[in-house]
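*Asks:* I am attaching a structure below and will ask some questions about it afterwards.
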Amino acid sequence: MNDEQALIKRALAFGDSEAFSALVKMHQGKIRAFLVRLSRNYDVADDLAQETFISAYRKLAGYTGKGSFQAWLFKIAYNNFVHYRRSAKRRSEVGEQYAVHIEVLHERYETLSSEQYDLEKAMRQLNEQESASISLCHSFGHSHREAADILQLPLGTVKSSILRGKARLREILVLQAAMEQAS
Amino acid sequence: MNSKLDKQQSGHDPLDQLLAQPALLADRGFSTRVARELHAPASRRRLVFVAMAACWATIVALFTSPQAIMSTMARLAALLEGAVYRLVPDLFNAEIGTLGQLIVQSSLSSILLLGLVFCAGLAVFIREQS
């Protein structure tokens, strides 16, 4: 039994919030990075991530252990994001705050190389479906099937979103590099 | 970046490699905030539920029917009335005694009203805290 499974078992059996806090520490970096890519706003992503972990703690008994715990968390996170996005008022706030936060990008991450910085900038130009599919499958290690389950999309849609998104990413990154060289 | 993104002959896609190393958000107190949130509302909720359960158990233990509750309330009101008369006899012997009697007679309604106000206050408090 690995650390994660032991912590889940402790949190489930004894309602041990310390064990769950350890799980939060283990997964917060990925969940928040995913939500930042979707919401394009660090404060919103943090709020959604907090909601995600709190509802995960409350729904922990509903985690059957069939899929990975991380996939279960990502599904809750994505559902929270979808719920957030449905509010038209909130959606209008995203653009305003995105411009402010991109300048402080370096301070937010554990480490951020220039390549990762370019990638994060490029990811923001993809649509939500492309960004989410690529993030889940290529950045956070989920299978196409898991991503389809998390995003509640057909498997084929996830695969085509990844292909389309990666092609766009290449174009954007090449363009960004050309602009950097020119300046 | 341009050359970096071209597929290398080895078959490794640089874009895939870059995507596979996502920049992760630094914790910076996030886990602590979540832990605080996990503890606080749960304890408050638990406290409210325990209090409600205790109240319910007491009511069930004391009364056999809603009619029994009403008659007990009436007896409680009469007891309070007697207590108030004993504590402040002068007040009721004085000219304003009639007013005092009126207040005491409506003590049952007052208790019920106070109970309702208390419940409403408690509900507002819980709503604000959660």
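For the protein sequence lines, the chains are V and G, in the order given. Counting with our numbering, you get residues 4 to 186 for the letters of the first sequence. Counting with our numbering, you get residues 147 to 276 for the letters of the second sequence. For each residue, glycine too, the CB sits at the ideal point set by N, CA and C. Values in this document were obtained by computation on a predicted structure and should not be read as measured data.
Counting along the chain, where does the alpha helix (DSSP H) carrying Lys69 of chain V start and finish?
*Replies:* Here Lys69 of chain V belongs to no alpha helix (DSSP H), and DSSP marks it neither H nor E.
*Asks:* Look at the alpha carbon of Ala52 of chain V and the alpha carbon of Lys169 of chain V, and state the distance between them as a whole number of angstroms.
*Replies:* Roughly 26 Å between the two C-alpha positions.
*Asks:* Look at Ile153 of chain V and Phe84 of chain V and say whether their C-beta atoms are less than 7 Å apart.
*Replies:* It is not a contact, given that the beta carbons lie outside the stated cut-off.
*Asks:* Please tell me whether Leu171 of chain G has its Cβ less than 7 Å away from any Cβ of chain V.
*Replies:* Taking Cβ atoms only, chain V reaches closer than 7 Å to Leu171 of chain G, which makes this a yes.
*Asks:* When the distance is taken between beta carbons, is Tyr66 of chain V closer than 7 Å to Trp75 of chain V?
*Replies:* Yes, they are a contact pair.
*Asks:* Please report the distance separating the alpha-carbon of Pro160 of chain G from that of Gln128 of chain V.
*Replies:* So the two alpha carbons sit approximately 19 Å from each other.
*Asks:* In chain G, which residues lie with their C-beta within 7 Å of the C-beta of Gln56 of chain V?
*Replies:* Note that residue 56 of chain V is Phe in the sequence shown, not Gln. Simply Val180.
*Asks:* First and last residue of the alpha helix (DSSP H) that includes Glu132 of chain V?
*Replies:* This sequence places Gln at residue 132 of chain V; Glu is not what is there. Segment 131-137, the alpha helix (DSSP H) holding Gln132 of chain V.
*Asks:* What distance in whole Å lies between the Cβ atoms of Leu38 of chain V and Glu7 of chain V, which are believed to be in contact at a cut-off of 8 Å?
*Replies:* With 8 Å as the limit, Glu7 of chain V and Leu38 of chain V do not qualify as a contact, their Cβ atoms being about 20 Å apart.
*Asks:* What's the call for Cys140 of chain V, buried or exposed, on a 16-neighbour Cβ count within 10 Å?
*Replies:* So Cys140 of chain V counts as buried.
*Asks:* From the DSSP output, in three-state form, read off Leu226 of chain G for me.
*Replies:* Helix.
*Asks:* If you drop the 5 nearest sequence neighbours on each side, which residues of the same chain put their C-beta closer than 6 Å to that of Ile175 of chain V?
*Replies:* If we look at Ile175 of chain V and ignore the five residues flanking it on each side, its Cβ neighbours are Ala125, Gln128.
*Asks:* For Tyr81 of chain V, which beta-bridge partners are listed by DSSP?
*Replies:* For Tyr81 of chain V, which the question treats as bridged, DSSP gives no partner whatsoever.
*Asks:* Verify the CB distance criterion: does Leu166 of chain V have a CB-CB separation below 7 Å to chain G?
*Replies:* Cβ-Cβ to chain G under 7 Å: no for Leu166 of chain V.
*Asks:* Which same chain residues, not among the five before or five after Arg70 of chain V, have their C-beta less than 8 Å away from its C-beta?
*Replies:* Sequence check: residue 70 of chain V is Gly here, not Arg. Closer than 8 Å at the Cβ level, and outside the excluded window around Gly70 of chain V, lie Glu149, Asp152.
*Asks:* Starting from Leu156 of chain V, trace the alpha helix (DSSP H) in both directions and tell me its first and last residue.
*Replies:* Unbroken run through Leu156 of chain V: none, as it is neither H nor E.
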